[in-house]
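Student:
In the numbering used here, the protein residues as written are 479 to 997.
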């Protein structure tokens with residue numbers, strides 16, 4: 479387990495007599511248990527301190543040591559390290575210190591900690607202070623003295639231990655027989671230990687069992703509460719809901735096989751992801767949503783703009799927290815939408831204090847170093863606004879250009895839209911409607927169906943017809959005309975740098991020109 483590995487590292491820090499250890503986690507109770515376990519083999523006695531209880535042992539029993547005042551308690555710890563009469567090593571978990579280290583009020587406590595870190599105690603009386611904090615904002619005065627550990631979220635093995643404990647406690651043997659155990663474990667991955675237990679408890683109260691779907695719904699609520707990631711529900715019909723883009727869809731179907739156990743045994747490298755760049759409304763976001771459905775995994779959207787904060791260092795902390803959740807989730811699709819807008823300050827010299835540049839650096843580093851099975855999909859509209867670092871071939875498995883749909887794709891988009899509105903059985907001349915939508919984006923084709931439905935409903939609530947759809951298409955001024963120069967510039971930028979998501983197909987104008995040339 480990842481947490482056991484961190485506990486072993488912590489044990490090594492104790493043996494090395496590190497004076498101050500700063501653990502980044504919001505799970506106080508869970509981390510304390512690992513600290514007590516790490517301290518025991520090194521002959522350290524671990525204790526906790528807080529304002530309410532003072533000093534307590536592992537079971538929460540009060541001990542007559544020190545004081546509820548933090549400065550007095552730090553003085554007591556320092557004196558125990560120097561006292562010849564004391565023959566005991568100590569690990570002190572200082573629960574309530576982080577808020578007291580900020581601002582003028584924290585000066586005496588920070589000073590006391592700095593003095594403590596400067597002392598060298600005999601091996602038999604070594605003392606260690608451990609601080610557990612939700613963030614890694616160590617006061618700069620303590621930065622050189624503190625060993626910072628970012629404690630991971632529970633991995634699959636640790637979640638499995640929680641589930642197995644509940645199975646034994648409530649005698650839920652049916653869960654193991656019907657395969658719900660593994661499903662419940664998978665559903666809880668990405669949550670903290672406390673959050674996972676709360677999800678399991680709610681399922682037990684409501685259904686008298688651990689139901690994976692109930693856990694997944696609760697997990698969605700927990701992730702939404704954090705406001706750093708967005709959990710998307712599966713898109714009905716998966717890639718079948720995306721009209722056209724046959725080259726891209728074929729490539730995605732091939733990459734799906736890389737996540738199987740057979741692919742791992744073969745030694746197939748883990749797919750990294752894909753960059754989708756192209757004209758707005760042509761299926762980039764829809765494809766991102768469809769991939770997760772097709773692959774049967776969660777879809778997590780990262781909104782880089784929402785992660786920014788006015789407080790120094792908080793934006794980076796939000797990103798680290800988001801990446802930690804993604805790493806814990808394992809196999810999932812991670813979607814960065816319209817990334818060029820979120821990182822605009824990194825390339826245009828925006829006066830945002832370097833927040834955009836830091837965010838871009840953090841994203842690039844994570845993409846390069848990550849070890850999880852997350853598949854990254856980034857979408858963008860403007861090629862020229864993308865930082866060049868994102869366009870390096872090794873950063874993604876493939877870079878895709880998504881252009882206006884061709885005739886065949888327009889037919890497929892129209893069929894998908896009719897199916898979405900429950901009109902897939904209606905007698906429609908799809909080819910003629912698609913021709914009326916030449917140079918339309920996919921979203922513009924999709925929009926004519928509800929327009930036609932309104933017209934048909936107001937005309938006696940009859941079913942829609944081909945004429946209704948063509949009439950609706952005539953009212954649209956497509957983006958290809960209103961932004962013609964910009965689209966042409968984007969196509970030139972993409973030429974030779976991106977792979978085309980659509981199969982090549984001549985337009986009617988191109989066919990006519992070729993016929994004249996042949997004549």
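C-beta: ideal position from N, C-alpha, C; glycine also. Computed from a prediction, not measured in an experiment: that's the story for all the values here.
Do residue 628 and residue 502 count as a contact pair if the criterion is CB distance below 9 Å?
Tutor: For the purposes of this step, residue 502 is taken as the residue at position 24 of the chain shown. For the purposes of this step, residue 628 is taken as the residue at position 150 of the chain shown. In contact: residue 502 and residue 628 (Cβ atoms closer than 9 Å).
Student: The alpha helix (DSSP H) that contains residue 665, what's its start and end?
Tutor: Position 187 of the chain shown, counted from the start, is the residue given in the question as residue 665. Per DSSP, residue 665 belongs to the alpha helix (DSSP H) from 658 to 666.
Student: For residue 810, I'd like the list of residues in its chain whose CB is within less than 6 Å of its CB, leaving aside the five on either flank, ordered along the chain.
Tutor: Here residue 810 refers to the residue found at position 332 of the chain shown. So the qualifying residues of the chain are 775, 776, 778 and 852.
Student: Would you report the Cα separation of residue 801 and residue 868, rounded to the nearest angstrom?
Tutor: Residue 801 sits at position 323 when you count from the first residue of the chain shown. Residue 868 sits at position 390 when you count from the first residue of the chain shown. Going from the Cα of residue 801 to the Cα of residue 868 covers about 18 Å.
Student: Looking only at its chain, what residues have a beta carbon closer than 7 Å to the beta carbon of residue 479, apart from the 5 residues adjacent to it on each side?
Tutor: Your numbering for residue 479 matches position 1 in the chain shown. Once the five neighbours on either side are set aside, the close Cβ partners of residue 479 are 633, 635 and 636.
Student: Let me make sure I understand the geometry here. Which of 498, 520 and 524 has the alpha-carbon closest to that of residue 510?
Tutor: Sequence index remark: in the chain shown, residue 510 carries index 32 (1-based). Of the candidates 498, 520 and 524, the one whose C-alpha sits nearest the C-alpha of residue 510 is 524.
Student: Compare the beta carbon distance of residue 895 and residue 919 with 9 Å and say whether it is the shorter of the two.
Tutor: Position 417 of the chain shown, counted from the first residue, corresponds to residue 895. Position 441 of the chain shown, counted from the first residue, corresponds to residue 919. Contact: no.
Student: Please report how far the alpha carbon of residue 496 lies from the alpha carbon of residue 850, in whole angstroms.
Tutor: Taking the chain shown and counting its residues from 1, one reaches residue 496 at position 18. Taking the chain shown and counting its residues from 1, one reaches residue 850 at position 372. Spanning the two alpha carbons is a distance of roughly 31 Å.
Student: Expressed to the nearest angstrom, what Euclidean distance is found between the alpha-carbon atoms of residue 757 and residue 763?
Tutor: One-based indexing of the chain shown puts residue 757 at position 279. One-based indexing of the chain shown puts residue 763 at position 285. So the alpha carbons of these two residues sit roughly 11 Å apart.
Student: Pair every Cβ in the stretch 685 to 702 with every Cβ in the stretch 739 to 750, then say whether three or more of these pairs are closer than 8 Å.
Tutor: The stretch 685 to 702 vs the stretch 739 to 750: no contact.
Student: Return the residue from the list 686, 609, 865 and 667 that minimises the CA-CA distance to residue 645.
Tutor: Here the question's residue 645 lines up with position 167 in the chain shown. Comparing Cα-Cα distances from residue 645 to each of 686, 609, 865 and 667, the minimum goes to 686.
Student: Is it buried or exposed, residue 583, if we count other Cβ atoms within 10 angstroms and call 16 or more buried?
Tutor: Here residue 583 refers to the residue found at position 105 when the chain shown is read from its first residue. Classification of residue 583: exposed, given that the 10 Å Cβ count is below 16.
Student: Between 976, 897, 964 and 804, which lies nearest to residue 667 when the distance is taken from Cα to Cα?
Tutor: Mapped onto the chain shown, residue 667 falls at position 189. Closest by alpha carbon: 804.
Student: If you follow the alpha helix (DSSP H) that residue 553 is in, where does it begin and where does it stop?
Tutor: The residue you call residue 553 lines up with position 75 of the chain shown. Run containing residue 553: 548 to 560, per the alpha helix (DSSP H) assignment.
Student: Between 813, 780 and 933, which lies nearest to residue 797 when the distance is taken from Cα to Cα?
Tutor: Taking the chain shown and counting its residues from 1, one reaches residue 797 at position 319. Answer by Cα proximity: 780.
Student: Please report the Cβ distance between residue 659 and residue 603, rounded to the nearest whole angstrom; I am assuming they are in contact, meaning their Cβ atoms lie under 8 Å.
Tutor: Along the chain shown, one-based indexing puts residue 659 at 181. Along the chain shown, one-based indexing puts residue 603 at 125. Residue 659 to residue 603, Cβ: 48 Å. No contact.
Student: Just checking, does the stretch 601 to 618 make contact with the stretch 534 to 542 on the three C-beta pairs under 8 Å criterion?
Tutor: They do not touch, by the three-pair rule.
Student: Starting from residue 605, follow its DSSP beta bridges and name the residues at the other end.
Tutor: If you number the chain shown from 1, residue 605 lands on position 127. Its beta-bridge partners are 568.
Student: Measuring alpha carbon to alpha carbon, tell me which of 815, 882 and 492 ends up nearest residue 569.
Tutor: Mapped onto the chain shown, residue 569 falls at position 91. Residue 569 has its Cα closest to that of 492, out of 815, 882 and 492.
Student: Indicate whether residue 910 and residue 944 have their beta-carbon atoms separated by less than 9 Å.
Tutor: Sequence index remark: in the chain shown, residue 910 carries index 432 (1-based). Sequence index remark: in the chain shown, residue 944 carries index 466 (1-based). Contact: yes.
Student: In chain order, what residues of the same chain lie with their CB nearer than 8 Å to the CB of residue 845, ignoring the 5 residues before and after it?
Tutor: Taking the chain shown and counting its residues from 1, the one referred to as residue 845 is at position 367. Result list for residue 845: 750, 751, 854 and 873, in chain order.
Student: Contact between the stretch 725 to 732 and the stretch 881 to 890: three or more CB pairs below 8 Å?
Tutor: Because the criterion of three Cβ pairs below 8 Å is not met, the stretch 725 to 732 and the stretch 881 to 890 do not touch.
Student: Are there 16 or more other CB atoms within 10 angstroms of the CB of residue 806, so buried, or fewer, so exposed?
Tutor: By 1-based counting over the chain shown, the position of residue 806 is 328. It counts as buried.
Student: If we define contact as Cβ-Cβ less than 9 Å, is residue 642 a contact residue for chain C?
Tutor: This model lacks chain C altogether; it includes just one protein chain.
Student: At the level of alpha carbons, what is the spacing between residue 593 and residue 555?
Tutor: Residue mapping note: residue 593 aligns to position 115 of the chain shown, counting from 1. Residue mapping note: residue 555 aligns to position 77 of the chain shown, counting from 1. The alpha-carbon atoms of residue 593 and residue 555 are separated by roughly 12 Å.
Student: Using alpha carbons as the reference points, say which of 494, 547 and 505 lies closest to residue 521.
Tutor: Translated into positions along the chain shown, residue 521 becomes position 43. Comparing Cα positions, the closest option is 494.
Student: Assign residue 512 to buried or exposed, taking buried as 16 or more other Cβ atoms, counted over all protein chains shown, within 10 Å of its Cβ.
Tutor: Stepping through the chain shown from its first residue, residue 512 is reached at position 34. Buried, because 16 or more other Cβ atoms sit within 10 Å of the Cβ of residue 512.
Student: What does the alpha-carbon distance come out to for the pair residue 841 and residue 799?
Tutor: Here residue 841 is taken as the residue at index 363 of the chain shown, counted from 1. Here residue 799 is taken as the residue at index 321 of the chain shown, counted from 1. Their Cα atoms are separated by approximately 12 Å.
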